[in-house]
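Chemist: Before I ask anything, let me first share the structure, which is written out below as structure tokens.
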Amino acid sequence: GFKCGIVGLPNVGKSTLFNALTQTAAAQAANYPFCTIEPNVGEVAVPEPRLAELAKIAGSKEIIPARMNFVDIAGLVEGASKGEGLGNQFLANIRETDAIIYVLRCFEDDDITHVAGRVDPIADLDIVETELMIADMESLEKRRAGVEKKAKSGEKEAKETLALLDLALAELNEGRPARMADVPKEDRKAWRMLQLLTAKPVLLVANVDEESAATGNRYSEAVMERAAKEGAEAVVISAQIEAEMAILDPAERAEFLEMQGLEEPGLNRLIHAGYKLLGLQTYFTVGPKEARAWTIRKGWTAPQAAGVIHGDFEKGFIRAETIAYDDFIACGGETAAKEAGKMRAEGKEYVVQEGDVMHFRFNV
Ligand code: GDP
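Positions 2 to 365 (the UniProt record's numbering) are the ones given, in order, by the sequence shown.
What follows is the structure in structure tokens.
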């Protein structure tokens, strides 16, 4: 599954947020067994109101949401790139993720030590990101000499790799993360293969005090400003409130939200922001047994989407019978949609659209 790493300095609220995420997931998905893969890896259900609508129409017995993984990556301190703290392990954990969530402390509390002795989310972000940039520069420098030698001896692929290494180094030398580099479209795949930490998409989480959950505060405003400048995603959340809410049942939760002046749990916003960050989208399979959401990347074709369910579906793909979500709802179900001519037979080249309801036909 797709994986977001939760990263930040100590005492900013990472574990509080992670625990709230996983507890809420456990509480919300009553018929979906929540699992902790490892102590610091949690699988959460992606909140998806359309599933209930589909299930109602189709009389599905079970609702199965899409899932996303979150990893609580502790151990970042200044000097991590030099092996301080949990240094290398920490970097290895980040390398395995698809995106990074930076949790930034935007709450004051004299009882909770701040490692740098002050609340300053922007300075914190710079500390954290600098460590990742240093790690990237070192790994690039290490690789460069070998690649340069091969490029000089005329290897075409090495020449292309060298150009990308230098593109990344140029960006980092200017003090900017690799994700800011302007990578030509045809090089995107090779770029991803470089596995740079600072090339991963990022989401900034401004963790505010309980009083500021609905309004934000001056710290979170600075975070939003920074995100806007960089074209990054950002979410204001109070990890403390989310943790309190995580243990409530749905009715109590609704009441609590209203009391706090919030429209929905911050965790829903966080999960959706993570989904967007990863360039993900959803398609559905619907039947009397279950209504289920599946996660794919934007731009995937029907066989690739089928492969998420089972590898054999992709290999033996014949065609997909597809109804757009809105048509399914408007017509009142599959049979009526088919009669209205809203069910399409799509072939191998079809690019799956957000919310498609699909059946796959395949050879076994
Ligand atoms: P981590 O080291 O980043 O994982 O931080 P923790 O999640 O362990 O949080 C450190 C301390 O800050 C704990 O005592 C939390 O209860 C507290 N904390 C986390 N979020 C908030 C918040 O929004 N407001 C306040 N006042 N305390 C918080």
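Backbone N, C-alpha and C define an ideal beta-carbon position, used for all residues, glycine too. In this text the structure is predicted, and so the values were computed from the model without any measurement.
Which residues bound the alpha helix (DSSP H) around arginine 270?
Modeler: 267 to 278 is the span of the alpha helix (DSSP H), which, as asked, contains arginine 270.
Chemist: If you follow the alpha helix (DSSP H) that tryptophan 192 is in, where does it begin and where does it stop?
Modeler: Residues 189 to 194.
Chemist: Helix, strand or coil: which one does DSSP assign to aspartate 354?
Modeler: Note that residue 354 is glutamine in the sequence shown here, rather than aspartate. Here glutamine 354 sits in coil by DSSP.
Chemist: Rounding to the nearest angstrom, what Cα-Cα distance links glutamate 63 and isoleucine 330 in this structure?
Modeler: Between glutamate 63 and isoleucine 330, the C-alpha separation is close to 18 Å.
Chemist: So which of His273, Glu253, Gly356 and Lys290 has the shortest CA-CA distance to tyrosine 284?
Modeler: Cα-wise, what sits closest to tyrosine 284 is Gly356.
Chemist: Which residue's Cα is closest to the Cα of threonine 216: Gly267, Leu195 and Asn174?
Modeler: The shortest Cα separation from threonine 216 among Gly267, Leu195 and Asn174 belongs to Gly267.
Chemist: Report yes if the CB atom of isoleucine 242 is closer than 9 Å to the CB atom of glutamine 261, and no otherwise.
Modeler: Their beta carbons are under 9 Å apart, which means isoleucine 242 touches glutamine 261 by this criterion.
Chemist: Check whether the stretch 342 to 349 touches the stretch 280 to 296, counting contact only when three or more Cβ pairs, one atom from each stretch, lie closer than 8 Å.
Modeler: As far as the Cβ criterion goes, the stretch 342 to 349 does not touch the stretch 280 to 296, which means the pair count is below three.
Chemist: Roughly how many angstroms separate the alpha carbons of leucine 168 and aspartate 327, rounded to a whole number?
Modeler: For leucine 168 and aspartate 327, the distance between alpha carbons rounds to 44 Å.
Chemist: How many angstroms separate the CA atom of proline 185 from the CA atom of alanine 252?
Modeler: Proline 185 and alanine 252: Cα-Cα distance of roughly 50 Å.
Chemist: Excluding the 5 residues flanking phenylalanine 314 on each side, which residues of the same chain have their C-beta closer than 7 Å to its C-beta?
Modeler: Around phenylalanine 314: Ala307, Gly308, Phe361 and Phe363.
Chemist: Near tyrosine 351, what residues of its chain come up, given a Cβ to Cβ distance below 7 Å and the 5 sequence neighbours on each side ignored?
Modeler: Here the set comprises Thr302, Ala303 and Ala321.
Chemist: Is aspartate 121 helix, strand or coil by DSSP?
Modeler: Coil, per DSSP.
Chemist: Which partner residues does aspartate 99 have in the DSSP bridge list?
Modeler: For aspartate 99, which the question treats as bridged, DSSP gives no partner whatsoever.
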